Amino acid sequence: MNCLDYRRVLLTGSGESGEMLRHRPGCVACSELQREHLAFEADLRRALEVPVADGLSERLAAAVRGPATARPDRRRFLAAAAVAAGAIGIGLYAWRGRDDPMAMACIDFVMKDEAKSIMMGAMPRAEAERMLADTLPLARIERVGRIMHIAPCPLGEGTAYHVILMVPQDKVTLLVMPDTPMARPGRAVQHGMYASVVAAGRGSVGVVGASAAVVDSVAGALRA
Ligand SMILES: [Zn+2]
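This note's numbering puts the sequence shown at residues 58 to 281.
Right under this line is the structure:
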């Protein structure tokens with residue numbers, strides 16, 4: 058088990074395997090990540106238990122209903138990860154050394170500000186629909202996955218709409234930036250996370266997740 062494998066599995070929320078438990082005590086970086094991850098998950102659980110506006114609350118409730126629904130998702134993810142292992146070997150090559158500044162800012166947001174955004178609460182759906190209509194309509198996002206949270210957040214010079222999206226394989230974060238047009242697609246890899254920024258309407262959208270393959274497929278689906 059190496060650090061990348063450790064991070065990838067930890068960030069899927071599957072818990073630590075025996076191999077991971079043997080790796081962590083000898084590794085400062087992974088110990089640190091595990092501490093941050095536990096704290097984040099605890100914040101996230103607390104935040105998701107608070108009632109939020111509009112129909113989002115039912116969807117949040119469905120998402121945290123418990124192990125009965127969580128486990129099949131996890132098994133599907135692990136099965137998909139095993140099947141994709143060969144493809145990821147190739148896919149990862151395309152990600153190596155990527156450090157686009159906007160994509161890096163998206164990863165930074167997930168590390169530092171995601172929990173805060175969730176705790177501040179979701180925006181009303183009607184408002185989200187209006188704000189994103191010209192950039193990335195909610196209907197298009199919902200063809201890709203289930204929206205668990207959406208709220209406006211400061212990012213760089215402008216405002217990003219922070220979306221937590223459950224897709225069949227994983228949970229990903231979207232940062233929809235209506236006022237940030239992009240010259241060319243950007244990617245970044247940091248803290249065991251992958252970010253891809255692609256054009257959306259006159260603006261752009263960043264996709265962040267723990268799996269390169271999932272981030273690529275979500276970015277592709279949103280662009281199409
Ligand atoms: Zn390690």
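All residues carry an ideal CB built from backbone N, CA and C; glycine is no exception. Keep in mind it's a predicted model, so treat the numbers as computed, not measured.
(request) Name, in chain order, the residues that DSSP records as bridge partners for Ile207. (result) Sequence index remark: in the sequence shown, residue 207 carries index 150 (1-based). Paired residue(s): Val220.
(message) Quick check: the region 154-167 against the region 242-261, are at least 3 beta-carbon pairs closer than 8 Å?
(response) yes
(request) May I ask you to list the residues that DSSP assigns as paired with Asp255? (result) The residue given as residue 255 occupies position 198 in the sequence shown. Here the sequence assigns Val to residue 255, which means Asp is not the residue at that position. The partner list for Val255 (beta bridge, DSSP) reads Val262.
(request) Have a look at Ser88 and Asp62 and give me their C-alpha separation to the nearest angstrom. (result) Locating residue 88 in the sequence shown gives position 31, counting from the first residue. Locating residue 62 in the sequence shown gives position 5, counting from the first residue. The straight-line gap from Cα to Cα measures roughly 14 Å.
(request) Return the chain-ordered list of same chain residues with a C-beta closer than 6 Å to the C-beta of Asp191, the five sequence neighbours on each side being excluded. (result) Position 134 of the sequence shown, counted from the first residue, corresponds to residue 191. These residues qualify, in order along the chain: Gly258.
(message) Please enumerate, following chain order, all residues with a beta carbon closer than 6 Å to at least one heavy atom belonging to ligand 1.
(response) Cys60, Tyr63, His80, Cys84, Ala86, Cys87
(request) Within its chain, find whatever has a CB closer than 8 Å to the CB of Ser174; leave out the 5 residues flanking it on each side and keep chain order. (result) Start at 1 with the first residue of the sequence shown, and residue 174 comes out as number 117. The residues are His206, Ala208, Cys210, His219.
(message) Do Leu279 and Val262 have their beta-carbon atoms positioned less than 8 Å apart in this structure?
(response) Your numbering for residue 262 matches position 205 in the sequence shown. Your numbering for residue 279 matches position 222 in the sequence shown. Yes, the Cβ-Cβ distance between Val262 and Leu279 is below 8 Å.
(message) Assuming Asp165 is part of the alpha helix (DSSP H), what are its boundary residues?
(response) Counted from its first residue, the sequence shown places residue 165 at position 108. Run containing Asp165: 158-169, per the alpha helix (DSSP H) assignment.
(message) For Val275 and Leu222, I'd like the C-alpha separation in whole angstroms.
(response) In the sequence shown, the residue the question calls residue 275 occupies position 218. In the sequence shown, the residue the question calls residue 222 occupies position 165. Cα-Cα distance, rounded: 10 Å.
(request) Could you check what DSSP says for Arg182 in three-state terms: helix, strand or coil? (result) As a working mapping, residue 182 is identified with position 125 in the sequence shown. Here Arg182 sits in helix by DSSP.
(request) With DSSP as the reference, label Gln247 as helix, strand or coil. (result) Within the sequence shown, the letter at position 190 stands for residue 247. Strand, per DSSP.
(request) Return the CA-CA distance between Met58 and His94, expressed in angstroms with no decimal places. (result) Here the question's residue 58 lines up with position 1 in the sequence shown. Here the question's residue 94 lines up with position 37 in the sequence shown. One C-alpha to the other measures close to 19 Å.
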